[in-house]
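Asks:
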Amino acid sequence: MPVMNASILPDRNAPLVVESVTLDAPKAGEVLVRIAATGVCHSDLSVIDGTLPLPTPIVLGHEGAGVVEAVGPGVASVKAGDHVVLSWRPQCNRCPYCLRGQPYLCDLANRMSLSGAMLDGTRRLKRGAEELFHMTQTSSMAEYAVVPETGAIAIDRDIPLDKAALVGCAVTTGVGAVFNTARVEPGAGVAVFGCGGVGLSVVQGALIAGANPIIAIDLLDSKLEAAKRFGATHAVNGKSGDAAARIRDLTEGQGADYAFEAIGNPDVVSQAYDSVRRGGKVVVIGVANMMAQISIPHLTLVLQEKAVLGSCYGSARPQLDMPRLLRLYKAGRLKLDEMVTRTYKLQEVNQAFDDLRNGVNLRGVLVFS
Ligand SMILES: [Zn+2]
Ligand SMILES: [Zn+2]
1 MPVMNASILP DRNAPLVVES VTLDAPKAGE VLVRIAATGV CHSDLSVIDG
51 TLPLPTPIVL GHEGAGVVEA VGPGVASVKA GDHVVLSWRP QCNRCPYCLR
101 GQPYLCDLAN RMSLSGAMLD GTRRLKRGAE ELFHMTQTSS MAEYAVVPET
151 GAIAIDRDIP LDKAALVGCA VTTGVGAVFN TARVEPGAGV AVFGCGGVGL
201 SVVQGALIAG ANPIIAIDLL DSKLEAAKRF GATHAVNGKS GDAAARIRDL
251 TEGQGADYAF EAIGNPDVVS QAYDSVRRGG KVVVIGVANM MAQISIPHLT
301 LVLQEKAVLG SCYGSARPQL DMPRLLRLYK AGRLKLDEMV TRTYKLQEVN
351 QAFDDLRNGV NLRGVLVFS
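Take the sequence shown: its position 45, counted from the start at 1, is 45 in our numbering, and no numbers get skipped.
1) For the alpha helix (DSSP H) that S46 lies in, which residues bound it at each end?
2) With the cut-off set at 8 Å, would you say V203 and I214 are in Cβ contact?
3) For ligand 1, I want to know if R94 counts as a neighbour, meaning its beta carbon is within less than 7 Å of at least one of the ligand's heavy atoms.
4) Span of the beta strand (DSSP E) holding I214?
5) Report yes or no: do three or more beta-carbon pairs, one from the segment 106-122 and one from the segment 44-62, lie closer than 8 Å?
6) Does any heavy atom of ligand 4 sit closer than 7 Å to the C-beta of D107?
7) What span of residues does the alpha helix (DSSP H) with L161 cover, start to end?
8) Evaluate the contact criterion for the segment 144-151 versus the segment 23-32: three or more CB pairs, one atom per stretch, below 8 Å.
9) Quick check: the segment 172-186 against the segment 317-333, are at least 3 beta-carbon pairs closer than 8 Å?
10) Looking at the structure shown, is T300 part of a helix, part of a strand, or coil, going by DSSP?
11) Between V71, V21, G81, E19, which has its C-alpha nearest A36's C-alpha?
12) Just the C-alpha distance for L334 and G128, rounded to the nearest angstrom, thanks.
13) Which same chain residues end up closer than 6 Å to A211 when comparing Cβ atoms and leaving out the 5 residues on each side of it in sequence?
14) Quick one: Cα of R124 to Cα of G151, how far?
15) Between V360 and T341, what straight-line distance do the alpha-carbon atoms span, to the nearest angstrom?
16) Would you report the Cα separation of V308 and Y273, rounded to the nearest angstrom?
17) Please name the residue, chosen from V287, E338, D11, that lies closest to E225 on a Cα-to-Cα basis.
18) Answer yes or no: the CB of Y97 versus the heavy atoms of ligand 1, is any distance below 7 Å?
Here's what the structure looks like:
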């Protein structure tokens with residue numbers, strides 16, 4: 001039972017506190033991981049502000065990587081010493097969604113995530129006598145985590161863990177949306193709304209898929225410059241007029257074949273819808289609150305056969321997709337080093353979230369010594 005430091009959200013919108021907590025040993029089918037690094041993601045922020053309504057007090061963090069310290073009974077796919085990326089949607093492998101090959105929709109993992117529990121409905125984290133909630137069976141903003149076996153994906157040991165961590169959320173979500181959800185084909189015109197960690201991953205996925213043009217849209221010039229370094233052929237500042245019209249200009253008047261919304265803003269989804277050609281596809285990745293509604297014109301949906309697709313965790317099968325993405329990294333085709341613009345110690349977690357709110361980093365990562 002490790003005693004460790006963890007970053008706790010005591011209550012909605014409260015500052016995080018770094019405190020000593022205990023972590024129970026892994027049960028059957030679970031793995032104890034010493035966390036090496038964990039990315040600071042907008043979804044953590046969405047838990048802080050209540051957009052994602054998870055119970056508190058909760059240990060945040062879901063974009064982690066580390067080293068397996070111990071395994072519970074029955075674990076076969078990883079062993080002590082293995083380097084792993086954590087998946088925030090560990091699948092049960094039994095529900096209809098898992099059986100259909102859609103583990104990102106796993107019924108059990110989804111339900112247990114909303115109740116802040118492990119897959120068996122119980123918890124492993126305690127502060128004194130008080131039980132804490134888990135974020136998506138990961139809670140990686142802590143020195144150790146107990147995760148389901150299906151949430152720990154073994155990777156090659158020569159990959160730096162502070163870069164591998166990004167594959168735990170942003171990169172799989174963004175690149176997966178291109179490869180798996182949209183299935184972008186070579187030569188397709190792609191527009192990417194929002195150039196944070198996920199949006200830049202969409203840009204990278206589009207480049208690997210052979211898309212052209214790749215049009216990045218953001219409100220910050222610094223993000224647009226980054227998007228160009230990651231493969232965008234054009235950059236449009238959303239403040240400088242009608243982005244959809246500009247995208248049509250850049251695609252011979254027709255509109256993009258695919259538009260990705262990586263912000264979580266219903267108005268931007270409408271812009272993305274306006275920006276695709278007839279028969280084009282809009283892929284919505286950004287998370288908005290439960291009450292947000294998307295408005296699109298009914299008639300064009302029919303007569304122009306546009307499609308609006310949701311994309312959860314890049315429609316990924318983590319056991320297949322994460323090693324595949326890391327092979328692309330090792331081949332120099334997927335940029336991860338360039339995405340990490342600052343690292344923080346666990347004690348600097350509130351600074352890391354302030355920087356995220358202010359768009360300071362491409363990706364900030366908490367690292368553990
Ligand atoms: Zn399942
Ligand atoms: Zn995330």
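Where a beta carbon is used, it is the ideal one built from N, C-alpha and C, also for glycine. Fair warning: this is a prediction, and the values are worked out from it, not measured in the lab.
Replies: To lay it out plainly:
1) By 1-based counting over the sequence shown, the position of residue 46 is 46. Start and end: 42-48.
2) Locating residue 203 in the sequence shown gives position 203, where the first residue counts as 1. Locating residue 214 in the sequence shown gives position 214, where the first residue counts as 1. Taking 8 Å as the Cβ cut-off, V203 and I214 qualify as a contacting pair.
3) Here residue 94 is taken as the residue at index 94 of the sequence shown, counted from 1. R94: yes, Cβ under 7 Å from ligand 1.
4) Walking along the sequence shown from the start, residue 214 turns up at place 214. For I214, the uninterrupted beta strand (DSSP E) run begins and ends at 214-218, by DSSP.
5) Contact holds: three or more Cβ-Cβ distances are below 8 Å.
6) Ligands in the displayed structure: ligand 1 and ligand 2; ligand 4 is not one of them.
7) Residue numbering aside, residue 161 sits at position 161 when the sequence shown is read from its first letter. That run of the alpha helix (DSSP H) goes 161-164.
8) yes
9) When Cβ pairs closer than 8 Å are counted between the two stretches, the segment 317-333 is seen to touch the segment 172-186, the count reaching three or more.
10) By 1-based counting over the sequence shown, the position of residue 300 is 300. DSSP places T300 in helix when its eight states are reduced to three.
11) Here residue 36 corresponds to residue number 36 of the sequence shown, with the count starting at 1. Here the closest residue by C-alpha is G81.
12) Taking the first residue of the sequence shown as 1, we reach residue 334 at position 334. Taking the first residue of the sequence shown as 1, we reach residue 128 at position 128. Rounded to whole angstroms, L334 to G128 spans 43 Å at the Cα level.
13) The residue given as residue 211 occupies position 211 in the sequence shown. Excluding positions up to five away in sequence, the list reads V184, A188, V190.
14) By 1-based counting over the sequence shown, the position of residue 124 is 124. By 1-based counting over the sequence shown, the position of residue 151 is 151. The straight-line gap from Cα to Cα measures roughly 15 Å.
15) By 1-based counting over the sequence shown, the position of residue 360 is 360. By 1-based counting over the sequence shown, the position of residue 341 is 341. C-alpha separation (whole angstroms): 9 Å.
16) To locate residue 308, count along the sequence shown from 1; it is residue 308. To locate residue 273, count along the sequence shown from 1; it is residue 273. Those two C-alpha atoms are separated by around 8 Å.
17) As a first step, residue 225 must be located in the sequence shown, where it is residue number 225. For the options V287, E338, D11, the alpha carbon positioned closest to that of E225 is the one of E338.
18) Position 97 of the sequence shown, counted from the first residue, corresponds to residue 97. Flag set: Cβ of Y97 near ligand 1.
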